[in-house]
Amino acid sequence: MKRSRKQSLAENLDTSLWKLLPHDVVEVILECVPVKPLLRLRSVSKKWKLTIDSPGFKERQLIRRRQLRGPDVLIMRLSYDRPVGREGRGRKVVLSAASASRRRIGWNVSYTCGMFCAGSCDGLVCVYCLYVDSIVGNPATGWHRSFPLSNYQGLLIQRFKREGSDFPWPSLGFGRDKLSGTFKPVWLYNSSGFVLGGADKAVVTYCEVFDFSTNAWRYVVPASPYPINAYHKPVHLDGSLYWLTESEPPLLLSFDLHTETFQVICKAPFADPRHITMCVLHNRLCLSEQKDLTQVIWSFDSSDKTWNTLCSFDLNPTGDFAAPLLPIAILDKGQLLLQGRASMDPLVIHDLHYRSYDLLCTPKSPSGSVYYFESLFSA
1 MKRSRKQSLA ENLDTSLWKL LPHDVVEVIL ECVPVKPLLR LRSVSKKWKL TIDSPGFKER
61 QLIRRRQLRG PDVLIMRLSY DRPVGREGRG RKVVLSAASA SRRRIGWNVS YTCGMFCAGS
121 CDGLVCVYCL YVDSIVGNPA TGWHRSFPLS NYQGLLIQRF KREGSDFPWP SLGFGRDKLS
181 GTFKPVWLYN SSGFVLGGAD KAVVTYCEVF DFSTNAWRYV VPASPYPINA YHKPVHLDGS
241 LYWLTESEPP LLLSFDLHTE TFQVICKAPF ADPRHITMCV LHNRLCLSEQ KDLTQVIWSF
301 DSSDKTWNTL CSFDLNPTGD FAAPLLPIAI LDKGQLLLQG RASMDPLVIH DLHYRSYDLL
361 CTPKSPSGSV YYFESLFSA
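Residue numbers (full-length UniProt numbering): 1 to 379.
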């Protein structure tokens with residue numbers, strides 16, 4: 001009888017010298033193992049399974065993963081799948097790693113709307129739609145779950161019916177409380193267009209946070225002290241989500257995911273928000289500004305709340321983009337991965353040292369890219 005790969009792996013390890021090593025030494029070694037082999041190693045023994053499944057080990061494994069190598073890049077593509085029940089054709093969200101194992105995970109959702117990626121955080125990726133349940137999942141382990149529509153999405157659907165979709169609306173934020181380890185989707189939105197009272201009524205903001213433990217959305221009060229700029233996607237860094245405000249000049253606004261409080265951090269380094277993108281590079285909050293055919297990336301120093309120039313590059317070789325390119329990640333050896341804001345724009349790699357460009361891929365269907373670190377987490 002042919003033995004499975006899991007059985008062979010477990011038997012080989014049981015008969016090796018692993019049993020002679022102190023368990024704390026075994027844990028350090030396991031922390032360096034990629035996620036996919038770790039899932040198989042859970043079958044070696046009950047002790048190993050308890051170790052690998054423990055919250056402390058999952059935290060240390062992610063830290064070790066970040067130390068050993070840079071981020072992977074996940075490319076989110078929309079492809080059409082066979083009919084799903086009575087809803088007609090289904091749409092499948094396919095996530096594939098562009099720089100590592102090229103593992104692909106398919107999630108079936110309703111065809112009734114377009115999909116958007118809220119970003120990645122500590123190994124989890126959040127994908128949402130305006131009309132159907134959102135999805136959070138771990139591409140490395142295959143785990144995923146859905147969560148229901150927020151009150152804001154219901155209001156937005158009604159506004160679409162009244163006015164169409166020709167107005168800016170914010171993106172979903174997704175991050176993790178660094179103290180409790182809890183993952184949280186967050187909607188932050190302005191009252192304009194939803195609250196009756198006319199143009200003279202002051203614009204206020206509303207904040208909704210999803211609680212995975214209760215499977216429900218709840219309001220956070222007070223919300224942001226300033227209206228947010230709906231054109232800019234929020235980003236997550238070190239336990240907080242960040243937005244740019246609609247004020248003049250624009251302000252950098254943070255939302256602490258543990259205390260669930262808002263704070264104005266500083267002014268943006270420029271006054272015109274139309275050619276700005278926000279991102280995280282090298283574990284630092286960055287803003288990118290387009291000046292004619294040059295794009296400048298500013299890095300935020302949280303110690304003295306100042307902005308410093310990280311790099312600049314010429315946009316001309318990359319083609320005619322109407323908006324600044326979105327920096328995705330700094331890869332190995334000073335290579336910057338970039339993509340346009342349009343879902344069909346190509347992904348290009350810019351060498352910051354040689355100032356050269358290489359085409360990584362051209363999407364054949366609507367896509368978006370996020371930097372990504374493998375982990376064992378679930379929500």
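Glycine included, every Cβ here is placed at the ideal spot set by N, Cα and C.
Residue i versus residue j - alpha carbon distance
i: V136; j: S146; result: 6 Å
i: V204; j: T245; result: 12 Å
i: P55; j: D272; result: 44 Å
i: P366; j: M344; result: 5 Å
i: D358; j: H350; result: 7 Å
i: T362; j: L50; result: 43 Å
i: L38; j: R274; result: 45 Å
i: L179; j: V26; result: 26 Å
i: V209; j: P185; result: 6 Å
i: D332; j: L130; result: 36 Å
i: N151; j: D211; result: 14 Å
i: K36; j: L30; result: 12 Å
i: H282; j: V296; result: 16 Å
i: R66; j: P234; result: 22 Å
i: F183; j: N215; result: 12 Å
i: V220; j: L172; result: 15 Å
i: C279; j: P148; result: 27 Å
i: W307; j: I276; result: 14 Å
i: Y371; j: F262; result: 26 Å
Among the options, nearest to residue i - alpha-carbon criterion
i: S165; options: L172, G173, S171, L156; result: L156
i: L124; options: L130, G175, L257; result: G175
i: L241; options: A216, P222, L188, P225; result: L188
i: G334; options: L347, H353, L326, L325; result: H353
i: P225; options: T214, L326, F255, F313; result: F255
i: A342; options: F116, D72, P71, C32; result: F116
i: P249; options: L376, I228, F262, D177; result: I228
i: E163; options: S134, F194, N190, L68; result: F194
i: T309; options: W298, V44, V370; result: W298
Simplified DSSP assignment, three categories, for residue i
i: R159; result: helix
i: D332; result: helix
i: W143; result: coil
i: K364; result: coil
i: D24; result: helix
i: T51; result: helix
i: S101; result: Any answer about S101 is weak, because its pLDDT of 40 lies below 50 and its placement is not dependable; what the coordinates show is given next. If DSSP states are grouped into helix, strand and coil, S101 belongs with coil.
i: S369; result: strand
i: F377; result: coil
i: K267; result: strand
i: K36; result: helix
i: Y80; result: Low confidence applies to Y80: its pLDDT is 41, below 50, so where it sits in the model is not reliable enough to give any reading.
i: L359; result: strand
i: P346; result: coil
Residues that DSSP places opposite residue i in a beta bridge
i: T245; result: I228
i: W169; result: Note: W169 sits in no beta bridge, so no partner.
i: G181; result: According to DSSP, G181 bridges with nothing at all.
C-beta contact flag for residue i and residue j at 9 Å
i: W143; j: S378; result: yes
i: H232; j: W243; result: yes
i: I75; j: L347; result: yes
i: F300; j: R284; result: yes
i: K267; j: L252; result: yes
i: D53; j: E374; result: no
i: L315; j: L293; result: yes
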